[in-house]
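Number of protein chains: 2
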Amino acid sequence: MGLTKTEFFTESQNKTAMLLKALGHPARVAIVEHLLKVKTCVCGDIVNELPLAQPTVSQHLKELKIAGIIKGSVEGTSVCYCLDEKAFESLSAYFTNVLTDLQNQNSTCC
Amino acid sequence: MGLTKTEFFTESQNKTAMLLKALGHPARVAIVEHLLKVKTCVCGDIVNELPLAQPTVSQHLKELKIAGIIKGSVEGTSVCYCLDEKAFESLSAYFTNVLTDLQNQNSTCC
DNA sequence: ATCGTTAATCGTAATATTGCAATCAAACGA
DNA sequence: TCGTTTGATTGCAATATTACGATTAACGAT
């Protein structure tokens, strides 16, 4: 059906999945890595950095913004983007916890 | 077109996106969290833990396996699943690095 | 006012994903 | 052998995603 049954999962699981899904595309990973590399907010040059047409990039930026991964503020005629630290704090903590739990479980089966 | 232009991104970006995409669904997050919770390899009871039909679960497990997030080994008539530590080491390191870089960049714009 | 620039939105085509009923295949036990 | 159990595969319908041309909206400069 193409429709995810979100109502059967926990709030937390849905939120985690939403963040990860937003990052689950190479163009959006590239956007994040670019925002990280330039070390400051970027006003406008994101389209030039990606091998995709402007409407496509705009759409990816929108998805990242909806998921809470980037913030964007209008700056005259262009728009200023940067990463939202909260999202990465949350993801970093999530995977650190998973890894810790995993290392503590000492299973020998697989 | 529905077709991701992977050829224009780096190997690393594609690999990261693939891992994150595989985790970008609440059912697959739930599978991971279940495998973590039971503290050992799980042979078979995953279908009963999820509010989804057996073929659907089987498909999600397949995607997680292809992405390298879980391992599965046949154990007689049932199949034994567990998490692949390497994937979580990689993801944990990735987000820790992003967060560190982000905290060092001290941007005041947004 | 008009033009150029920047970025969002609309519309659409191609493809992917999600979910499940039905079916199949392999392994086990009686 | 035959039935049962377990899990994968097939086939399909509904919906989502990806990508982009065309258009639009907002701003600044001339």
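Those sequence lines, one after another, are chains A and B.
If you count the first sequence from 1, you need to add 1168 to reach this note's numbering.
If you count the second sequence from 1, you need to add 1168 to reach this note's numbering.
Backbone N, C-alpha and C fix where the C-beta goes; we use that ideal spot for every residue, glycine too.
Just so you know, these numbers come straight off a predicted model, no measurement behind them.
Compare the Cα-Cα distances from residue i to each of the options and report the closest residue.
i                     : options                                           : result
glycine 1170(B)       : His1193(A), Val1210(A) and Asn1272(A)             : His1193(A)
phenylalanine 1177(B) : Lys1189(A), Val1242(A) and Ile1199(A)             : Ile1199(A)
leucine 1218(B)       : His1202(B), Cys1211(B), Lys1233(B) and Lys1207(B) : His1202(B)
asparagine 1274(B)    : Leu1204(A), Ala1185(A), Arg1196(A) and Gln1181(A) : Leu1204(A)
valine 1206(A)        : Asn1272(A), Leu1267(A), Leu1251(A) and Thr1268(A) : Leu1251(A)
arginine 1196(B)      : Leu1220(A), Met1186(A), Asn1272(A) and Thr1208(A) : Met1186(A)
leucine 1232(B)       : Glu1243(B), Asn1216(B), Tyr1249(B) and Gln1222(B) : Tyr1249(B)
Are the C-beta of residue i and some C-beta of chain B separated by less than 8 Å?
i                  : result
histidine 1202(A)  : no
threonine 1264(A)  : yes
asparagine 1182(A) : yes
leucine 1171(A)    : no
Starting from residue i, follow its DSSP beta bridges and name the residues at the other end.
i              : result
valine 1210(B) : Tyr1249(B)
lysine 1239(B) : Cys1250(B)
Comparing the C-beta of residue i with each C-beta of chain A, is any distance below 8 Å?
i                 : result
glutamine 1273(B) : yes
alanine 1221(B)   : no
leucine 1232(B)   : no
leucine 1267(B)   : yes
Short-range partners of chain B found in the stretch 1237-1264 of chain A, where Cβ spacing is below 7 Å: Lys1239, Ser1241, Cys1248, Cys1250, Leu1251, Glu1253, Phe1256, Glu1257, Leu1259, Ser1260, Phe1263 and Thr1264
Positions along the stretch 1189-1213 of chain A whose CB lies within less than 8 Å of some CB in chain B: Lys1189, Ala1190, Leu1191, Gly1192, His1193, Pro1194, Ala1195, Arg1196, Val1197, Ala1198, Val1200, Glu1201, Leu1204, Lys1207, Thr1208 and Cys1209
What ranges does the alpha helix (DSSP H) occupy inside the stretch 1178-1222 of chain A, keeping only unbroken runs of at least 4 residues that lie completely in it? 1179-1190, 1194-1205 and 1214-1217
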